[in-house]
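Per numbering that gives the first Met the number 0, residue 0 is the first one in the sequence shown, and the count goes up by one each step.
Just so it is clear, CB atoms sit at the ideal spot from N, CA and C, and this is done for glycine as well.
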Amino acid sequence: MEKTVKSLYYNEKCNPIFLKYHLRKSDIKAIYSIIGDVFFHEEFQRRLTDEFPHHGNITVGEHIMEVTVVTYILIKKYNLNVNMEYALLIAMLHDMYTRPWQNTGIKKKSFLHKHGFVHPIPAALNTCKLYEHLFKTPDGKIDIFKSRVILDGIIHHMFILPVASLDDSLENKFEIDNYETIKEINPELLAIIYESCQRCKIDKLEVSLCPSMYPEGNVVSVADKYVSVHQLENLESTIALLGFSNPNVGKKDNDKRQNSLESIKLNFIRRILPYIIKIGEVVKDNQLCLKRGK
Ligand SMILES: [Fe+2]
Ligand SMILES: [Fe+2]
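So this is what it looks like as structure tokens:
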């Protein structure tokens, strides 16, 4: 933690986010006590650089930090009965995909293989590869419950968009750019990823369409959308969310659209948060199943 405060990116990239949300020093300390391991890893630090642009003029790392801060605030403000540690880790890891997605020149063969529908999978695979220790108990075993909550939260964070139904096929049928990572990660964690991707599967489209099974994932999903609505400054960025090329990343917005985005953002939190939390609770109680097909 001492070292971490001195980090260049802590000061340059994260302080504006903490100021924007009026976080107190005690809040920042509480957040870093949970996310420090992830934040100071070189792979996360890379995502705070211009190598990884996100929507608007920010980096993927800044987006992730903002989602993490909003997740923290939502849990505290609404006094949500969720595990703060698990929720903040989901927030930190939900977009740890491998490559910046804008104009990569990679042509996907299927619409449903585009960034918006598959990126939670590279994020989950990278998480298992880079941060396996987060899933382990002190005696070195995989903590199955914690692993399920975190990985399921990452996999389904895009709900109401579906996610590709990854399975144990040897072929990279979803055109995932870090598919070889599958060979490198803990088999117990990989099995949890497969299980999560198969839940609520629409067989014909080979996608899974459901929110996370756990409220921790649902809160991050809401925080991600809240932050993204604010960051989607133009139509091109909105379209780009689905994985299309976006030549106008970074383009500034006009006042009119900015105002309407502000009101969308405010309404969003009021209306959608209780709804998504409710869905999470109901799914958890097995009273609702969105499963189609088999
Ligand atoms: Fe995402
Ligand atoms: Fe995100």
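Proximity to residue i [Cα-Cα], best of the options
i	options	result
glutamate 187	Glu131, Cys13, Arg45 and Leu47	Glu131
valine 162	Arg98, Asp49, Phe51 and Ile120	Ile120
isoleucine 89	Met157, Glu174 and Ala190	Met157
isoleucine 63	Cys13, Tyr77, Glu205 and Phe116	Cys13
glutamate 215	Val228, Tyr20 and Thr67	Thr67
Distance between residue j and residue i (C-alpha atoms, nearest Å)
i	j	result
proline 15	valine 59	15 angstroms
glutamate 235	glutamine 44	Any reading at glutamate 235 must be qualified, since the residue scores a pLDDT of 48, below 50, and its modelled position is unreliable; the value itself is stated next. Near 27 angstroms, if we compare the C-alpha coordinates of glutamine 44 and glutamate 235.
glutamate 296	cysteine 209	Because residue 296 is not part of the residues shown, which for the chain are 0 to 293, the question remains open.
histidine 93	isoleucine 201	23 angstroms
glutamate 294	isoleucine 57	An answer regarding residue 294 cannot be provided, because it is not within the stretch 0 to 293 covered by the chain.
arginine 198	isoleucine 159	14 angstroms
leucine 18	glutamate 61	13 angstroms
serine 168	leucine 22	45 angstroms
serine 211	proline 99	25 angstroms
tyrosine 178	glycine 35	27 angstroms
aspartate 142	valine 148	10 angstroms
methionine 83	aspartate 26	12 angstroms
threonine 126	serine 207	20 angstroms
serine 109	phenylalanine 51	24 angstroms
Residues that DSSP places opposite residue i in a beta bridge
i	result
isoleucine 141	Lys135
lysine 200	Ser207
valine 162	Ser207
proline 52	Thr58
Residue i - containing alpha helix (DSSP H), residue span
i	result
threonine 126	119-129
phenylalanine 17	14-19
isoleucine 184	Careful: isoleucine 184 lies outside any alpha helix (DSSP H) and carries neither H nor E.
phenylalanine 294	Nothing can be reported for residue 294: it is not among the residues displayed for the chain, which extend from 0 to 293.
methionine 95	Neither: methionine 95 is in no alpha helix (DSSP H) and is coded neither H nor E.
serine 32	24-38
At a cut of 8 angstroms, does the region 146-158 reach the region 205-223 through at least three beta carbon pairs?
Flag = yes, the region 146-158 and the region 205-223 touch.
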